[in-house]
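Below is one structure, written out as structure tokens; the observations come after it.
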Amino acid sequence: MNAPQTLSRWAGPGSSRVPFWAYTDAQLYQRELEKIFYGEHWSYVGLEIEIPNTGDYKLSWIGERQVIMVRDRVAPRDRGTDHGIRVVENRCAHRGVRFCQQPQGNARSFVCPYHQWTYKLNGDLAGLPFKDGVAATDADGAPCVNGGMPADFDLKQHGLTKLRVAVLHGLVFATFSDEVEPLADYLGADVMPWLARIFKDRQLTLLGYNRQRIPGNWKLMMENIKDPYHPGLLHTWFVTFGLWRADQKSRMVMDSHGRHAVMISRRNDGGQNAAVTQGVTSFKADMALGDTRLLDVVPEPWWAIDDPARPGSTITPTVTMITLFPSLIIQQQVNSLSTRHIVPRGEGEFDFVWTHFGFADDTPEMTQRRLRQANLFGPAGFVSADDGEVIELSQDGFRQWGEGGSTLCELGGTGTEATEHMVTETLIRSMYAYWRKVMAV
Amino acid sequence: MSAQGVERLLLQLEIDQLNAAYAAALDEKRFDEWPGFFVEQGKYKVQARENFDRGLPLALMALESQAMMKDRVYGVTQTIYHAPYYTRHVVSPARVLAQEGDLVMAQAHYAVFRTRPGDSSEVYNVGRYIDEIVRDAAGLKFSSRLCVYDSEMVLNSLIYPI
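Below you can see the structure in the form of structure tokens.
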């Protein structure tokens with residue numbers, strides 16, 4: 001292990017210059033898996049509504065470890081205190097087989113195909129063939145028992161890896177860590193109201209999935225959604241139709257560690273405003289939709305909440321982009337809602353899984369609207385397709401230079417404070433300030 | 001062969017021609033011609049197989065009129081930043097599954113390869129077309145084309161129609 005070498009490599013103070021090796025070093029990436037994904041952090045696994053019935057399960061990922069999110073049986077007396085959701089690692093305790101292969105389904109128990117080791121939904125080992133050996137007759141004709149596990153073999157010691165699970169407003173998180181603080185503390189008081197705004201006391205409906213494989217380091221996706229600078233420049237739709245651009249009222253919120261963030265903004269009418277459109281080639285002054293249903297925005301009552309920063313006043317964002325370190329992005333952009341799950345695959349690639357949802361009390365028209373606005377997002381989105389593309393090009397740039405290069409994130413200075421505008425890269429800096437601490441680089 | 005059989009075969013050939021012309025327009029980047037393969041209120045959808053199979057309504061692209069398709073073409077040619085690439089569609093012979101009056105239901109398999117400058121070709125998107133086709137004065141047009149793709153992962157982004 002040549003970790004000390006890496007330790008000495010972050011040049012300069014602060015976190016406004018991120019070295020290219022933070023994205024390209026394979027060894028460092030292995031340490032990220034250990035310290036971040038398998039360490040003292042909570043990771044998103046899925047939505048409770050994806051497994052509505054007892055025995056329903058779906059496969060998910062924490063880092064490169066595949067896990068099973070499953071709804072266990074819960075005794076009636078425990079139903080007030082136990083949500084019944086378990087997360088176990090998809091790896092047999094016997095010979096390490098990734099035994100569950102169906103991406104989702106319903107099971108009474110989990111059975112490894114190799115030697116039929118059988119687990120309860122909560123991951124306990126229920127039994128295994130020939131545990132007590134096989135009755136036979138020895139050479140002298142006397143009954144005997146062949147083989148079997150050692151007499152002190154204890155089923156209780158050989159279950160699946162069980163993760164700690166926390167369910168917040170229908171979002172399921174899990175962690176391999178026994179040490180990490182409770183989820184609400186992990187997310188922090190500044191972030192929690194923005195999750196409550198979308199999810200609290202609401203029954204979600206699942207609209208479906210989009211999946212893309214992006215050839216870039218996983219952190220680039222987190223940065224992309226902590227970067228309010230680019231949307232009004234890269235994305236024609238955002239600047240032209242006023243969905244996200246620098247002349248909007250906005251706010252950058254983060255938790256006390258700087259690892260999670262919320263980008264909050266309120267759309268304006270778009271169109272010309274020299275301060276933010278002059279010289280911006282992506283701005284299309286004469287662009288008009290042929291079919292305006294693509295952007296048929298209808299405000300929803302839940303958009304307005306008591307402003308957490310100004311008690312007594314109301315705030316009504318049209319967009320909140322929430323990044324929960326390390327692997328979850330939650331999007332509300334007008335009527336489109338999704339979770340986006342980052343699944344790293346080596347230092348230079350990640351899968352990005354979009355789960356679109358609505359609410360159980362949506363009218364059919366609202367459901368249709370959410371589905372239409374989904375045309376803006378995802379791997380083919382009028383807006384989001386750009387993001388995957390520039391992430392790939394970023395990784396290409398880092399790779400071609402090699403040692404010694406770094407990115408420059410100094411819009412709005414080098415500090416890591418919250419702001420009441422979007423002309424800043426503060427959220428990227430704050431994430432890397434935290435990341436440096438965790439990674440000890 | 002019966003007269004009915006011949007008629008059916010001709011219809012299938014006609015649909016194959018439609019598919020070939022459609023594929024050529026996309027592969028030759030004549031995107032402005034693409035909405036013209038549909039009737040005015042035609043629908044076009046590209047949907048992951050997992051959503052289709054589970055009855056989940058989300059699609060990767062869901063366009064509900066020629067006008068919306070033109071908006072997509074504007075996106076493809078003017079607004080969506082993407083690294084350049086070209087596609088090659090390989091489409092199987094169509095299967096005519098049903099005919100109801102002027103409406104023909106047909107399906108065909110497709111494979112789309114992507115080639116980027118300086119790169120080798122790669123399998124980009126594989127699936128099937130589930131089509132509803134009508135005849136107007138100019139010939140056959142899609143009233144609905146649903147592309148259900150098997151590919152579990154989109155290779156980063158999907159910009160051009162399939």
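The listed protein sequences correspond, in order, to chains R and A.
For the first sequence, our numbering assigns the number 1 to the initial residue and increments by one for each residue that follows.
For the second sequence, our numbering assigns the number 1 to the initial residue and increments by one for each residue that follows.
For glycine and all other residues, C-beta sits at the position ideal for the given N, C-alpha and C.
- Fully enclosed alpha helix (DSSP H) runs of no fewer than 4 residues occupy 274 to 277 of the stretch 245 to 318 of chain R, in order along the chain.
- Among the CB atoms of chain R, none fall inside 7 Å of the CB of residue 89(A).
- Of the residues 247(R), 21(R), 307(R), the one whose Cα lies closest to the Cα of residue 193(R) is 307(R).
- Not a single C-beta of chain R is nearer than 7 Å to the C-beta of residue 138(A).
- Residue 413(R) carries a coil assignment under DSSP once its states are collapsed to helix, strand and coil.
- Considering only 62(R), 54(R), 415(R), the residue with the shortest C-alpha distance to residue 105(R) is 54(R).
- The three-state reading of DSSP puts residue 66(R) in strand, counting E and B together.
- The beta carbon of residue 293(R) is closer than 7 Å to those of 372 in its chain, skipping five residues each way along the sequence.
- Remark: three or more beta-carbon pairs, one from each stretch, lie closer than 8 Å, so the stretch 28 to 44 of chain R and the stretch 331 to 348 of chain R are flagged as touching.
- Taking every protein chain shown into account, the CB of residue 42(A) has 16 or more other CB atoms within 10 angstroms, so this residue is buried.
- Assigned with DSSP and collapsed to three states, residue 37(A) falls in helix.
- By the C-beta density criterion, residue 1(A) is exposed, having fewer than 16 other C-beta atoms within 10 angstroms.
- Around residue 117(A), no beta-carbon contact reaches into chain R at under 7 Å, the shortest distance being about 13 Å.
- Of the candidates 195(R), 311(R), 186(R), 301(R), 186(R) places its Cα closest to the Cα of residue 257(R).
- In this structure, the straight-line span from the alpha carbon of residue 123(R) to that of residue 158(R) is close to 9 Å.
- Three or more beta-carbon pairs separated by less than 8 Å link the stretch 312 to 321 of chain R to the stretch 261 to 268 of chain R, which places the two stretches in contact.
- Around the beta-carbon of residue 146(R), fewer than 16 other beta-carbon atoms lie within 10 Å, marking it exposed.
- Only those residues of the stretch 65 to 79 of chain A whose C-beta falls short of 9 Å from the nearest C-beta of chain R are listed: 65, 66, 67, 68, 69, 70, 71, 72, 74, 75, 78, 79.
- Secondary structure of residue 67(A) (DSSP, three-state): helix.
- Note on residue 173(R): 16 or more other CB atoms within 10 angstroms of its CB, so buried under the neighbour-count rule.
- Assignment of residue 213(R) by DSSP, reduced to helix, strand and coil, places it in the strand class.
- Counting only Cβ-Cβ distances below 9 Å, residue 341(R) has no contacts in chain A at all, with the closest Cβ about 13 Å away.
- Distance from residue 215(R) to residue 348(R) at the Cβ level is roughly 6 Å; contact confirmed, criterion being Cβ atoms closer than 8 Å.
- Going by DSSP, residue 328(R) is part of no alpha helix (DSSP H) but of the beta strand (DSSP E) stretching over 328 to 333.
- Assignment of beta-bridge partners to residue 351(R) by DSSP yields 213(R), 343(R).
- Listed along chain R, no residue sits closer than 9 Å to residue 144(A) by beta-carbon distance, the nearest being about 16 Å off.
- Look at the stretch 22 to 60 of chain R and you find these whole runs of alpha helix (DSSP H), each 4 residues long or longer: 26 to 32.
- Per DSSP, the beta bridge partners of residue 96(A) are 106(A).
- For residue 384(R), the three-state secondary structure derived from DSSP is helix.
- Residue 67(A) sits away from residue 286(R), with the two beta carbons spaced by 7 Å or more.
- In the displayed model, residue 366(R) falls within a helix according to three-state DSSP.
- Residue 181(R): not part of any beta strand (DSSP E); DSSP gives it neither H nor E.
- Leaving aside the five residues that flank residue 137(R) on each side, the residues in its chain whose CB is nearer than 8 Å to its CB run, in chain order, 143, 144.
- The DSSP assignment places complete alpha helix (DSSP H) segments of no fewer than 4 residues inside the stretch 135 to 187 of chain R at 183 to 187, in order along the chain.
- The alpha-carbon separation between residue 90(R) and residue 10(R) amounts to approximately 36 Å.
- Close to residue 215(R), with beta-carbon spacing below 9 Å, are these residues of chain A in chain order: 155, 156.
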